[in-house]
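A.B. asks: Sharing a structure with you now.
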Amino acid sequence: MTANRAPGPLPFFFAASGEPELERFFRSAFVRHPGEPIVFLCIGTDRSTGDSLGPLVGTMLEARGVVGVIGTLREPCDADRLERNASSLPAEAVVIAIDACLGRPENVGKFLLGEGPLQPARSVGGTLPPVGDYSVAAVVAEFGPKPYMTLQTTSLYAVMEMAKRIAAAAAAALGDVRPDAFGARATGIAAASFEFEDDSSLK
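Counting from 1, one number per residue, gives the positions in the sequence shown under full-length UniProt numbering.
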């Protein structure tokens, strides 16, 4: 959601379990906006394993040469910076909001995808404003009575695997539909740094 665009109702999410569904989602979004800049708003912090998904995705997208990324491990788009970053977005930008969340046991390891704004920190009782024209919420762990503790103790490996899938799907869709969204590869960041063996338990 851009600064000049009024927030709409929260989207109806559908659960995706793997990279092909993620890629179809991104592709369908990109083809609808052929001449508009794409911004990936990757929400989260590097100080919590569960909540590091957004900055990890942002870092991986940068490593692939994607431009228009806000929120990386180096410069996280956390709760303190989110409103400022969102308000500074160009009015014509199409914003893909990406964040971690807690959810039902059967959805852990899945991705909740929707057209419309994402509500950051909703699963931990936060009151941040909704952001994004399209939303990707990765269910990194089960919702429980102590959500902050759950995020702090979430498996980093599981979060890394989910981040890899989002970044790979987004980059693949961009490469097919919007090759103009790529620039120079970010210096000092090697995509190989984030390569892990696939974990089928997350599919």
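Glycine is no exception: its CB is placed at the ideal position from the N, C-alpha and C atoms.
Pull up the distance between the alpha-carbon of residue 111 and that of residue 159, whole angstroms please.
C.D. replies: Residue 111 sits at position 111 when you count from the first residue of the sequence shown. Residue 159 sits at position 159 when you count from the first residue of the sequence shown. Cα to Cα, the separation comes out at about 12 angstroms.
A.B. asks: Need the endpoints of the alpha helix (DSSP H) that residue 53 sits in, please.
C.D. replies: Here residue 53 is taken as the residue at index 53 of the sequence shown, counted from 1. Run containing residue 53: 53-63, per the alpha helix (DSSP H) assignment.
A.B. asks: By the three-class DSSP mapping on this structure, what secondary structure does residue 106 have?
C.D. replies: Your numbering for residue 106 matches position 106 in the sequence shown. Residue 106 falls in the helix class under three-state DSSP.
A.B. asks: Looking at the structure shown, is residue 100 part of a helix, part of a strand, or coil, going by DSSP?
C.D. replies: In the sequence shown, the residue the question calls residue 100 occupies position 100. Strand.
A.B. asks: Look at the Cβ atom of residue 117, then the Cβ atom of residue 131, and state whether they are nearer than 8 angstroms.
C.D. replies: The residue given as residue 117 occupies position 117 in the sequence shown. The residue given as residue 131 occupies position 131 in the sequence shown. In contact: residue 117 and residue 131 (Cβ atoms closer than 8 angstroms).
A.B. asks: Hey, residue 39 and residue 94 are a contact pair by Cβ (cut 8 angstroms); roughly how many whole angstroms apart?
C.D. replies: Stepping through the sequence shown from its first residue, residue 39 is reached at position 39. Stepping through the sequence shown from its first residue, residue 94 is reached at position 94. Confirmed, Cβ separation roughly 7 angstroms.
A.B. asks: Given this structure, state the Cα-to-Cα distance separating residue 156 from residue 85, to the nearest angstrom.
C.D. replies: One-based indexing of the sequence shown puts residue 156 at position 156. One-based indexing of the sequence shown puts residue 85 at position 85. Each residue's Cα considered, the two are about 26 angstroms apart.
A.B. asks: My output table needs one value for residue 67: the three-state DSSP class, helix, strand or coil.
C.D. replies: Reading the sequence shown from its first residue, position 67 is the one you call residue 67. Coil at residue 67, not helix or strand.
A.B. asks: Look at the alpha carbon of residue 177 and the alpha carbon of residue 20, and state the distance between them as a whole number of angstroms.
C.D. replies: Within the sequence shown, residue 177 is the residue found at index 177, counting from 1. Within the sequence shown, residue 20 is the residue found at index 20, counting from 1. Their backbone Cα atoms lie some 15 angstroms apart in a straight line.
A.B. asks: Looking only at its own chain, which residues have a Cβ that is under 6 angstroms from the Cβ of residue 254, when we skip the five neighbours before and after it?
C.D. replies: Limits of the chain in this structure are 1 at one end and 203 at the other, which puts residue 254 out of reach.
A.B. asks: Taking 6 angstroms as the limit between beta carbons, can you name the residues of its chain near residue 96, skipping five residues before and five after?
C.D. replies: Position 96 of the sequence shown, counting from 1, holds the residue named residue 96. Hits under 6 angstroms: 40 and 134.
A.B. asks: Express the C-alpha separation of residue 26 and residue 16 in angstroms, rounding to a whole number.
C.D. replies: For the purposes of this step, residue 16 is taken as residue 16 along the sequence shown, with counting starting at 1. For the purposes of this step, residue 26 is taken as residue 26 along the sequence shown, with counting starting at 1. In a straight line, the C-alpha of residue 16 is about 12 angstroms away from that of residue 26.
A.B. asks: Is it buried or exposed for residue 62, if we count other Cβ within 10 angstroms and need 16 for buried?
C.D. replies: By one-based count along the sequence shown, residue 62 stands at place 62. It counts as buried.
A.B. asks: Between residue 140 and residue 102, what straight-line distance do the alpha-carbon atoms span, to the nearest angstrom?
C.D. replies: The residue labelled residue 140 in the question sits at position 140 within the sequence shown. The residue labelled residue 102 in the question sits at position 102 within the sequence shown. When rounded, the distance between both Cα atoms is 6 angstroms.
A.B. asks: For a quick check, are the C-beta atoms of residue 120 and residue 89 less than 8 angstroms apart?
C.D. replies: Taking the sequence shown and counting its residues from 1, one reaches residue 120 at position 120. Taking the sequence shown and counting its residues from 1, one reaches residue 89 at position 89. It is not a contact, given that the beta carbons lie outside the stated cut-off.
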